Each structure stands twice: as structure tokens, then as C-alpha cells.
Amino acid sequence: MDNTRNAELDQVLDTLYLDAAVAIEWKTACRWFNEQPLNQGSYRQIMHRWAERCRSIYRHHEVPELRMILGREKLTLLRDTFLDESPVVNLADFA
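Count the sequence shown with this note's numbering and you get residues 2 to 96, in order.
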């Protein structure tokens, strides 16, 4: 990926860090990696960049696991919580 694409991915990962989820349009993700559909190498690059940013930018030693939803229009990334965050709770517990 070039510097512009790295910057775009970093912005997406910053949103993921702050909000625990982020949706990326498929056309954007495919442009970043110059492939359609994305292959395992592309997903590995996202995970590697996420781990790098967790340690160097966000200053966390642990790297929350990423999950994804392969939507029709968007790829949605979801992260597990950091150790210092409130745990994920079931919405039904509050209903």
C-alpha cells in the first residue's frame, strides 16, 4: 500500500480504536489492496497494521482480536475490548 492508502487505513483503524467498530466500503478496501475480492494477505495486512497501531500509537500491549461482518456494501470490522474498557454486554440484559 502507498502512503495515501496507509493514511486512509490508519484513519479507519483510529475509528475502530475509538468506537470498537468501523464500516469500510468494499470499493475503498478493494482499491487499497488493488484486488477484488480481498484475499487472505489483505486481511493479514489489516491485522498487522492494527497490532502495530495498538502497540505504538495507542500504547496498549494487548491487541484485541478483530472480527468482521462481510456485508453487501461494506466490510465491518469489530474489535474485542481492551483490558481497561467495560466488557461487552448483551443488549437484552437491559431490555
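For each residue, glycine too, the CB sits at the ideal point set by N, CA and C. Just so we're clear, the structure is a prediction, and the values are computed from it rather than from any experiment.
Just the C-alpha distance for residue 61 and residue 78, rounded to the nearest angstrom, thanks.
Rounded to whole angstroms, residue 61 and residue 78 show a C-alpha spacing of 19 Å.
Put residue 14 into one of helix, strand or coil per three-state DSSP.
Helix.
Helix, strand or coil: which one does DSSP assign to residue 84?
Coil at residue 84, not helix or strand.
Close beta carbons around residue 38, own chain, < 6 Å, minus the five adjacent residues each side:
Counting only Cβ-Cβ distances below 6 Å, and skipping sequence neighbours, we find nothing.
Cα-Cα separation between residue 23 and residue 88, rounded to whole angstroms
Cα to Cα, the separation comes out at about 18 Å.
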